[in-house]
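> Pasting a structure below so you can have a look.
Protein chains: 6
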Amino acid sequence: MPYVNVKITREGGTTREQKAQVIKGISEVLRDVLGKPLSATFVVINEVELEDWGVGGLPVEDYRRQAGEKS
Amino acid sequence: MPYVNVKITREGGTTREQKAQVIKGISEVLRDVLGKPLSATFVVINEVELEDWGVGGLPVEDYRRQAGEKS
Amino acid sequence: MPYVNVKITREGGTTREQKAQVIKGISEVLRDVLGKPLSATFVVINEVELEDWGVGGLPVEDYRRQAGEKS
Amino acid sequence: MPYVNVKITREGGTTREQKAQVIKGISEVLRDVLGKPLSATFVVINEVELEDWGVGGLPVEDYRRQAGEKS
Amino acid sequence: MPYVNVKITREGGTTREQKAQVIKGISEVLRDVLGKPLSATFVVINEVELEDWGVGGLPVEDYRRQAGEKS
Amino acid sequence: MPYVNVKITREGGTTREQKAQVIKGISEVLRDVLGKPLSATFVVINEVELEDWGVGGLPVEDYRRQAGEKS
């Protein structure tokens, strides 16, 4: 009975179909590797607004802009 | 000073009154069983969109539809 | 299908029986208030070492000692 | 590569600039105290609706109102 | 830059190799479905003691024993 | 009343003193930026075993070894 929480940035909206594939894919990894039954595996996806996600000490948009300037 | 996180699917909207009862009920369980003071117990509720919750390798709506067809 | 995560400080060791009561109590609150079936409710308890839990800007043991001195 | 999750109540809306300062401040604490590189530190902020946050066995707004009456 | 948290019960000890496969499998699902770069994907596994995991209002071992008796 | 969860890899053991500094530093960031009272701020630190932390599709030790070979 695994519980998996997937946090991703909200970027133009992940489609319902993509979320279904993420749920299917992750559940099958746990079934195939650890023998966990699909019916007892919860997968919960959280889409996080860009301004709420920080990396490199910056909001992710600023981090990407800065990285873009350096490359 | 317990911290309790409750993740539930958003289904027609859980009312403010129901959330208050969940907060009260859970806090009192921790007080009565473990002696945790109510004033130092945090309870945070997250309502999750149905398309963001997977079980059985499927988004929960598809899982329920499939289960419905079998029964 | 709720998922509930309960974080508590590890203080002399919460017994298996107490944990069973917490699981039962919380699951029943969600059944009674929100109609969530027990069989689809996960409750996961995390016991956290005292030095890993901070409140008032201090590790909890120091916070309690300081609060004790003031009272 | 720390992962930090910050849950705060949504109260009049924390500004983007404040969130940027929280991301910066927390990332720098982990760099200065534990030597964790900023570029490998994730900080994710969750703003929680007031009705979804409980303390003292009550939704936080009721808790504050009650505390106000006592003081 | 996804962050994935995988909570599983500790049952005889998941091997390091199995954990590596879970990390690889989940990261690749997010790359293939959502285009997330592997290098920016964190996967954190938590093994939870059986007495700390509840389902059906019971600690998981009791739940399984009870389910075994019914089948 | 913020709740902050800090997940870091367990590498030689973060000292109690360092954890106290992390708790203090993070709590003060939330006080100074958002006006959150220290007494109502929880900070919980989780040290994660290296084999339980994945990045780049690999357990972090393998990822670092691979990165070392490339540099």
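Chains A, B, C, D, E and F supply the protein sequences, listed in that same order. When we follow UniProt numbering, the leftmost residue of the first sequence carries the number 1, and every step to the right adds one. When we follow UniProt numbering, the leftmost residue of the second sequence carries the number 1, and every step to the right adds one. When we follow UniProt numbering, the leftmost residue of the third sequence carries the number 1, and every step to the right adds one. When we follow UniProt numbering, the leftmost residue of the fourth sequence carries the number 1, and every step to the right adds one. When we follow UniProt numbering, the leftmost residue of the fifth sequence carries the number 1, and every step to the right adds one. When we follow UniProt numbering, the leftmost residue of the sixth sequence carries the number 1, and every step to the right adds one. Here a beta-carbon is modelled for each residue, glycine too, at the ideal position from N, C-alpha and C. Please read all numbers here as calculations on a predicted model, not as lab measurements.
1) Does DSSP put residue 11 of chain E in a helix, a strand or coil?
2) Are the Cβ atoms of residue 24 of chain B and residue 2 of chain C separated by less than 9 Å?
3) Tell me whether the segment 40 to 50 of chain F and the segment 49 to 58 of chain C touch, counting them as touching only if at least three CB pairs, one residue from each stretch, are closer than 8 Å.
4) Give me the chain E residues within the contact set of residue 33 of chain C, using Cβ-Cβ distance strictly less than 9 Å, ordered along the chain.
5) Given a threshold of 16 other Cβ atoms within 10 Å of its Cβ, counted over all protein chains shown, does residue 62 of chain F qualify as buried or as exposed?
6) Along chain A, in chain order, which residues have C-beta atoms closer than 7 Å to that of residue 48 of chain B?
7) Rounded to whole angstroms, what is the Cα-Cα separation between residue 27 of chain B and residue 32 of chain D?
8) Should residue 9 of chain F be labelled buried (16 or more other beta-carbon atoms within 10 Å of its own) or exposed?
9) Just verifying my parser: in three-state terms, what is the DSSP assignment at residue 56 of chain C?
10) Consult DSSP for residue 62 of chain F and reduce its assignment to one of helix, strand or coil.
11) For residue 30 of chain B, return the contacting residues in chain C, with the cut-off set at a CB-CB distance below 9 Å.
12) Does the distance from the C-beta atom of residue 59 of chain E to that of residue 16 of chain C stay below 9 Å?
13) Within this structure, are the beta carbons of residue 22 of chain A and residue 46 of chain D separated by less than 9 Å?
14) Within 9 Å of any Cβ in chain E, is that where the Cβ of residue 2 of chain F sits?
15) Measuring CA to CA, which of E:66, E:5 and E:29 is closest to residue 19 of chain A?
16) Quick one: using the 10 Å Cβ neighbour count with 16 as the cut-off for buried, is residue 51 of chain E buried or exposed?
17) Taking the alpha helix (DSSP H) that residue 51 of chain C falls in, what are its first and last residues?
18) Going by DSSP, name the residue or residues bridged to residue 43 of chain F.
19) For a contact defined as C-beta to C-beta under 9 Å, what are the partners of residue 18 of chain C on chain B?
20) At a Cβ threshold of 9 Å, is residue 58 of chain D touching chain A?
21) Mind listing the chain B neighbours of residue 11 of chain D? Cutoff is C-beta to C-beta under 9 Å, in chain order.
22) So, helix, strand or coil for residue 36 of chain C, using DSSP?
23) Judging by CA-CA distance, which residue of B:11, B:36 and B:4 is the nearest neighbour of residue 87 of chain C?
24) Please identify the residue among F:34, F:68, F:13 and F:4 whose C-alpha is closest to the C-alpha of residue 14 of chain D.
25) Leaving out five residues before and five after residue 4 of chain F in sequence, what residues of the same chain have Cβ atoms less than 6 Å from its Cβ?
26) Residue 54 of chain A versus chain D: which residues are under 9 Å apart at the beta carbon?
27) Could you pull out every residue in the same chain whose Cβ sits closer than 8 Å to the Cβ of residue 66 of chain B, ignoring the five residues on either side in sequence?
Result, derived from the coordinates:
1) coil
2) Not in contact: residue 24 of chain B and residue 2 of chain C (Cβ atoms no closer than 9 Å).
3) In short, these stretches touch, since the Cβ pair count reaches three.
4) Those within 9 Å of residue 33 of chain C in chain E number zero; the least Cβ separation is about 14 Å.
5) buried
6) Near residue 48 of chain B (Cβ distances below 7 Å), the residues of chain A are 44.
7) 37 Å
8) buried
9) coil
10) Helix at residue 62 of chain F.
11) 6, 8, 22, 25 and 26
12) For residue 59 of chain E and residue 16 of chain C, yes; Cβs fall inside 9 Å.
13) no
14) no
15) E:29
16) buried
17) Unbroken run through residue 51 of chain C: none, as it is neither H nor E.
18) Partner(s): C:54 and F:4.
19) Within chain B, the residues near residue 18 of chain C are 33 and 34.
20) no
21) Correct list: empty, because the minimum Cβ distance to chain B is about 14 Å.
22) coil
23) The structure shown does not extend to residue 87 of chain C, since chain C spans only 1 to 71, so no value can be given for it.
24) The shortest C-alpha separation from residue 14 of chain D is found at F:34.
25) 26 and 43
26) 4, 19, 20, 22, 23, 24, 26, 27, 41, 42, 43, 44 and 45
27) 56 and 58
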